[in-house]
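J.: Supplied in structure tokens, the structure appears directly below.
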Amino acid sequence: MSSEWTNAELIQQYGIENPVMPYLRQDRLPHIWCPGCGIGTTVNCFTRALSESKLNLDEVVIVSGIGCTGRVAGYMNLDSFHTTHGRAIPFATGLKLANPKLKVVVYSGDGDLSAIGGNHLVHAARRNMDLMVVCVNNFTYGMTGGQVAPTTPLGPTQTTMPYGNFETPFNLPFLADACGAVYVARWTIYHVRQLAKAMKEGLEKKGFVFIEAMSPCPTLYSRRNRLGDGVDQVKYYKERSIIRNGADTKEVGLSFQGEIVVGKFVDRERPTWLESMNEHLGRVLGDKFTPYGV
Amino acid sequence: MSDQEGARKGKGGTVFVRVEVCKGCSFCIDFCPTHCLEFSHGYNKKGYHYPVLTRPEDCTGCDMCGQYCPDFAIFGVRLKDLEARQRAATPEPLIPSQP
Amino acid sequence: MHADPKGVMTGVHFIDGDHAACEGALAAGCRFVAGYPITPSTEVVERFAARIPEVGGCFIQMEDEIASSIAILGGAWAGKKVMTVTSGPGLSLMMEHVGYAAITETPCVFVDVQRGGPSTGLPTLPAQADMMQVRWGSHGDYMPIALSPSSPQECFDLMIRAFNLAELYRVPVFFMMDEVVGHMTERVVIPEASEIEVVERRLTAKRPGEYKVYGTDGSLVPEMTKAGDGHRIHVTGLTHDERGYPAMNAMAQDKLVRRLLAKINAHADQLVDVQTDGVEGADIVVVSFGITSRVATAAVDAARAQGYKVGHLRLIVCWPFPAKLFAELAGQVKAFVVPEINMGQMVLEVERAVAGRARVVSVPHPGGTVHEPAVITQAIVEAGR
Ligand code: SF4
Ligand code: SF4
Ligand code: SF4
Numbered sequence: 000m001s002s003e004w005t006n007a008e009l010i011q012q013y014g015i016e017n018p019v020m021p022y023l024r025q026d027r028l029p030h031i032w033c034p035g036c037g038i039g040t041t042v043n044c045f046t047r048a049l050s051e052s053k054l055n056l057d058e059v060v061i062v063s064g065i066g067c068t069g070r071v072a073g074y075m076n077l078d079s080f081h082t083t084h085g086r087a088i089p090f091a092t093g094l095k096l097a098n099p100k101l102k103v104v105v106y107s108g109d110g111d112l113s114a115i116g117g118n119h120l121v122h123a124a125r126r127n128m129d130l131m132v133v134c135v136n137n138f139t140y141g142m143t144g145g146q147v148a149p150t151t152p153l154g155p156t157q158t159t160m161p162y163g164n165f166e167t168p169f170n171l172p173f174l175a176d177a178c179g180a181v182y183v184a185r186w187t188i189y190h191v192r193q194l195a196k197a198m199k200e201g202l203e204k205k206g207f208v209f210i211e212a213m214s215p216c217p218t219l220y221s222r223r224n225r226l227g228d229g230v231d232q233v234k235y236y237k238e239r240s241i242i243r244n245g246a247d248t249k250e251v252g253l254s255f256q257g258e259i260v261v262g263k264f265v266d267r268e269r270p271t272w273l274e275s276m277n278e279h280l281g282r283v284l285g286d287k288f289t290p291y292g293v
Numbered sequence: 000m001s002d003q004e005g006a007r008k009g010k011g012g013t014v015f016v017r018v019e020v021c022k023g024c025s026f027c028i029d030f031c032p033t034h035c036l037e038f039s040h041g042y043n044k045k046g047y048h049y050p051v052l053t054r055p056e057d058c059t060g061c062d063m064c065g066q067y068c069p070d071f072a073i074f075g076v077r078l079k080d081l082e083a084r085q086r087a088a089t090p091e092p093l094i095p096s097q098p
Numbered sequence: 000m001h002a003d004p005k006g007v008m009t010g011v012h013f014i015d016g017d018h019a020a021c022e023g024a025l026a027a028g029c030r031f032v033a034g035y036p037i038t039p040s041t042e043v044v045e046r047f048a049a050r051i052p053e054v055g056g057c058f059i060q061m062e063d064e065i066a067s068s069i070a071i072l073g074g075a076w077a078g079k080k081v082m083t084v085t086s087g088p089g090l091s092l093m094m095e096h097v098g099y100a101a102i103t104e105t106p107c108v109f110v111d112v113q114r115g116g117p118s119t120g121l122p123t124l125p126a127q128a129d130m131m132q133v134r135w136g137s138h139g140d141y142m143p144i145a146l147s148p149s150s151p152q153e154c155f156d157l158m159i160r161a162f163n164l165a166e167l168y169r170v171p172v173f174f175m176m177d178e179v180v181g182h183m184t185e186r187v188v189i190p191e192a193s194e195i196e197v198v199e200r201r202l203t204a205k206r207p208g209e210y211k212v213y214g215t216d217g218s219l220v221p222e223m224t225k226a227g228d229g230h231r232i233h234v235t236g237l238t239h240d241e242r243g244y245p246a247m248n249a250m251a252q253d254k255l256v257r258r259l260l261a262k263i264n265a266h267a268d269q270l271v272d273v274q275t276d277g278v279e280g281a282d283i284v285v286v287s288f289g290i291t292s293r294v295a296t297a298a299v300d301a302a303r304a305q306g307y308k309v310g311h312l313r314l315i316v317c318w319p320f321p322a323k324l325f326a327e328l329a330g331q332v333k334a335f336v337v338p339e340i341n342m343g344q345m346v347l348e349v350e351r352a353v354a355g356r357a358r359v360v361s362v363p364h365p366g367g368t369v370h371e372p373a374v375i376t377q378a379i380v381e382a383g384r
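Chains as they are written, first to last, in numbering that gives the first Met the number 0: chain A, 0 to 293; chain B, 0 to 98; chain C, 0 to 384.
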């Protein structure tokens, strides 16, 4: 066998395959992401989490918005929905409420989730909607060509901040925490094992889970700011990350090439929206109430 | 399987690389815990250098390379797992042995 | 299929159009609604929120209309019959998801209780000025269905049809009420569940691997599935092939867009529905829809009393527009008179179908109230000269 084998040939000859493969729509590969883009690495972590979680994959649904990360849904061998820009969370809310048996994962980028979709993010967290949100944060708009995002740190240049960004960015874990998410974590793609573990915990958690996955966009963020390639950005993650589980999310804001606090910041219990609805209506309406989705 | 790997039967690990899928990002090379991968001297068809297992004796089959690779082009496997699964046939090595 | 008795409030009721529309949705099997408050439509979701805990289903008030309009699409793909309810300003916000529903072929009902516009306009007063917005409001080419009830009883009856059509054709169906119909209280008879025909979703019997989410097998409307059924579907708002995979090229676009239009246009004859009164042999035909048809009836009666041969044609289904019917009538009728509570929207369709073979007289009204019947009578008289 030469080095140009396919997955099927490998299975046939060795009885093994790349562990990511069964979770991907192999007829859609190769994917569109640039060399050194970290989105594919987060996908590896997600597939490890799926395999560890022992969920019935027929009941796991992935929903993405628009953008480079928005393409993740289309590569996953799950029921997958590529929705409109910013609206993955409300679409996922509809899926979850219409069939509470589903495990619904939202997988999208920082611009999609926190700019155009920011309103949905805060309200889904407030309601403790039972969704796991994976936010791949690369500080920029990739698909449209490197514009400033609500996560862009102060300083770096973006196509719509040609003289450097002067807008204060979101501290996403703090935002999610303040709005009521029951699980909040941040890892970078350097931390593949921890990120996979967080995703597994997120899949097992009931309620609104927010996982920020920092990931390089070499094409539009790193190069424009003379930060080298994807791997240089991951080396930066490695060198400047400090693991601080349980850190006060107020303290975990990011600065340009500064220190990165990573870890599991929040893990608490709170009734989900559906649990609250069933509990409340059951109490108020008694026998007249038809319990829903239980 | 290369001879070298055969000699280490049961111990350590090896990697499988889809050379033509690799985009040369070097994540696998830089973050392999045992530093057993290096870039090839040659290029693949897309014009990228790709990883080569230059210190196979150090590979543990931990699959960190697989977890890092954003293009699903490499993965690592423990030899004992590989042997357990391998069918009767003994195919040629999949990994280019020289950089 | 008959309606599920749990959702059917059989009996004679004295309720307004908004409440009747909600009962129609429940009878049709709607079990998931996401909405956002907006006058004059809110009573529909208020009633749904009160009724659904007993019927068994789910209502959520979302953070805005954008969220509501896509939450229902998620709900549809999870297997429920779904609806959202709004008025003009909210409908403007929902337009992107009208397009998403169209391209993903998601069955859903958008209720629009029309009020005066543009913008915030007249929150508590009527208009019929969203007729072109529902036809053309989302970008790109698509063909929705729009129904126009003119009484609370019709709000109930036609709502069932709206849900049935959404399932049959997998398109967004617009339920074009207006403030007067929404707030008008009349007798509404709700029959037994066994007398209500409902269309259930055509779910595929194909196994995973055999099923293509947009495979049509030669028909125009693909079979559906739902998340969780093991088909591992991919659904995208991008132009896609039969597998649902993005296919961004002119050929795939040609195939998809033509089918999206054809599935409605090819069935236009079955879809169109008009109510006529004295159109046969008339010189002049008054064309109306919604609340305006009730005012026009008085105007037609007055003109007839003056000796004019006037017919009345009411559009029950506004989209697709019954162009063929108008083309036929154009050879027999001298003039069409088109009153509507907007500055001339559906009249454009009448003109297009009639193509100069009869006079077409617009009787516009900017909204805030209904026409004075005398204004319509006057237009009939002038058209008859
Ligand atoms: S533009 Fe940036 S985020 Fe998008 S695929 Fe390329 S590297 Fe990744
Ligand atoms: S399997 Fe582990 S040790 Fe072997 S090359 Fe990959 S990362 Fe290095
Ligand atoms: S991580 Fe993957 S794409 Fe990057 S160099 Fe290694 S094999 Fe190639």
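From the three backbone atoms N, C-alpha and C, an ideal C-beta is built for every residue, glycine too.
Remember, predicted model here, so these are calculated numbers, not experimental data.
1) From C:SER218 to C:LYS262, what distance separates their C-alpha atoms?
2) Name the residues in the region 262 to 293 of chain A whose C-beta lies less than 7 Å from a C-beta of chain C; which are they?
3) Could you work out which residue in A:ASP129, A:GLY69, A:LEU194 is closest to A:LYS205 when comparing CA atoms only?
4) Please list the segments of the alpha helix (DSSP H) lying wholly inside the region 222 to 306 of chain C, counting only runs of 4 or more residues, in order along the chain.
5) DSSP on A:PRO149, reduced to helix/strand/coil?
6) Which residue from C:ALA354, C:VAL172, C:ASN163 puts its Cα closest to that of C:PRO143?
7) Would you check whether ligand 2 has a heavy atom nearer than 7 Å to the C-beta of A:ASP111?
8) Would you identify the three-state DSSP class for A:LEU77, choosing helix, strand or coil?
9) Could you check if B:LEU78 belongs to the surroundings of ligand 2, using beta carbon to heavy atom distance under 7 Å?
10) Only counting runs of 4 or more residues, tell me where the alpha helix (DSSP H) segments fall wholly within the region 48 to 125 of chain C, in order along the chain.
11) With 8 Å set as the bound, which would you pick, yes or no: does the beta-carbon of A:THR40 sit closer than that to a beta-carbon of chain B?
12) How close, in whole Å, do the beta carbons of A:PRO172 and A:ARG185 come, if the pair is a contact with beta carbons under 8 Å?
13) When you compare the CB of B:PRO69 with every CB in chain A, is at least one pair closer than 8 Å?
14) Compare the C-beta of B:GLY81 against all C-beta atoms of chain A and say whether one is closer than 8 Å.
15) Hey, how far is the Cα of B:GLU82 from the Cα of A:GLU250?
16) Could you tell me whether any non-hydrogen atom of ligand 3 is closer than 7 Å to the CB of C:ILE59?
17) Span of the alpha helix (DSSP H) holding A:ASN43?
18) For A:ASP26, which of helix, strand or coil comes out of DSSP?
19) Which of helix, strand or coil does DSSP assign to C:GLN127?
20) Residue range of the alpha helix (DSSP H) that A:ALA175 falls in?
21) Strictly under 8 Å for the Cβ-Cβ distance: is A:PRO29 near chain C by that measure?
22) Within 8 Å (strictly less), CB to CB, does B:LYS10 reach chain A?
23) Within 8 Å of any Cβ in chain C, is that where the Cβ of A:MET0 sits?
24) So what's C:PHE173 in DSSP terms, helix, strand or just coil?
25) Classify C:HIS96 as buried or exposed, calling it buried when 16 or more other Cβ atoms lie within 10 Å of its own Cβ.
26) Would you check whether ligand 2 has a heavy atom nearer than 7 Å to the C-beta of B:VAL14?
27) Just verifying my parser: in three-state terms, what is the DSSP assignment at C:ARG351?
28) From the DSSP output, in three-state form, read off A:ASP232 for me.
29) Going by DSSP, what residue range makes up the alpha helix (DSSP H) through A:TRP272?
30) If you measure from the CB of A:LEU219, is any heavy atom of ligand 1 nearer than 7 Å?
31) Compare the C-alpha of A:ALA48 against each of A:PRO18, A:THR68, A:TRP32 and name the closest.
32) Anything in chain A within Cβ reach of B:PHE74, meaning under 7 Å, just list it in chain order.
33) Determine whether the beta carbon atoms of C:PRO122 and C:THR38 lie at a separation below 8 Å.
34) Which class does B:GLU82 belong to by DSSP, given the choice of helix, strand or coil?
T.: A quick look at the data gives this:
1) 9 Å
2) LEU280, LEU284, LYS287, PHE288, THR289, TYR291
3) A:ASP129
4) 249 to 264, 267 to 270, 290 to 304
5) coil
6) C:VAL172
7) no
8) coil
9) no
10) 64 to 76, 87 to 103
11) yes
12) 5 Å
13) yes
14) One detail in the question is off: residue 81 of chain B reads as Leu in this sequence, not Gly. Interface residue, yes.
15) 49 Å
16) no
17) 38 to 52
18) helix
19) coil
20) 171 to 178
21) no
22) no
23) Here A:MET0 scores only 42 on pLDDT, less than 50, and its place in the model should not be relied on; the value that follows carries that caveat. So no, A:MET0 is outside the interface.
24) strand
25) buried
26) yes
27) helix
28) The displayed chain sequence assigns Gln, not Asp, to residue 232 of chain A. If DSSP states are grouped into helix, strand and coil, A:GLN232 belongs with the helices.
29) 272 to 284
30) yes
31) A:PRO18
32) ASN17, PRO18
33) yes
34) helix
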